[in-house]
Amino acid sequence: MGALHYTNHAGKRMCQRNLSSDDVEFILKHACPQYRTGIRFYRLLKKDLPRDLEGNSPRRRLVGTTVLVCQCDCVITAYRNEQAHKRDRRKTPYDYRDCINCNCKRDEYAA
């Protein structure tokens, strides 16, 4: 995965949910992606935590957190709900529209 960019919405939601960019990177590194509605859902489950992670590590609070990333590696939003997988699983797997709902301006990031 290349360099991450955050939408304004993602930044606002991360602040509301007390998530740092390091937390988001940890989730993206360890969670398995699921492809739904043309974007990637990264949901950190208890089984995804590294075995060498300490028992009192603050990273353990991230279990149940979901990060949505669009096709151009732009973080759309993040939320915490351990039961969200039930709702997210019912979403259609594919949407072929280009860069759906991310509001990122790819031209800004081209350098």
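Note that the numbering used here has the sequence shown beginning at 2, numbered continuously upward. Every residue, glycine too, gets a C-beta built ideally from N, C-alpha and C.
Let me check understanding here. Comparing Cα to Cα, which of the options lies closest to residue i?
i            : options                    : result
arginine 14  : Val68, Cys33, Tyr43, Val64 : Val68
arginine 61  : Ala4, Gln72, Lys47, Tyr43  : Lys47
aspartate 74 : Arg18, Pro34, Asn19, Gln17 : Pro34
glycine 65   : Gly56, Asn57, Tyr43, Glu55 : Tyr43
Please return the same chain residues whose Cβ sits closer than 7 Å to the Cβ of residue i, not counting the five positions on each side in sequence.
i          : result
leucine 63 : Asp24, Phe27, Ile28, Leu45
Keeping to the same chain, check which residues put their C-beta closer than 8 Å to that of residue i; ignore five residues upstream and five downstream.
i            : result
histidine 31 : Leu45, Asp49, Leu50, Pro51
glycine 56   : none
serine 22    : Leu5, Tyr7, Met15
Output needed for residue i: all residues of its chain with C-beta closer than 6 Å, excluding positions within five of it in sequence on either side, in chain order.
i         : result
valine 70 : Arg41, Val76
For the beta strand (DSSP E) containing residue i, list its first residue and its last residue.
i         : result
valine 68 : 66-70
Check the C-beta distance from residue i over to residue j and give it rounded, since I have them as a contact under 8 Å.
i            : j            : result
threonine 78 : histidine 10 : 6 Å
arginine 81  : arginine 37  : Between arginine 37 and arginine 81 the Cβ distance is about 18 Å, and since that is not below 8 Å, they are no contact.
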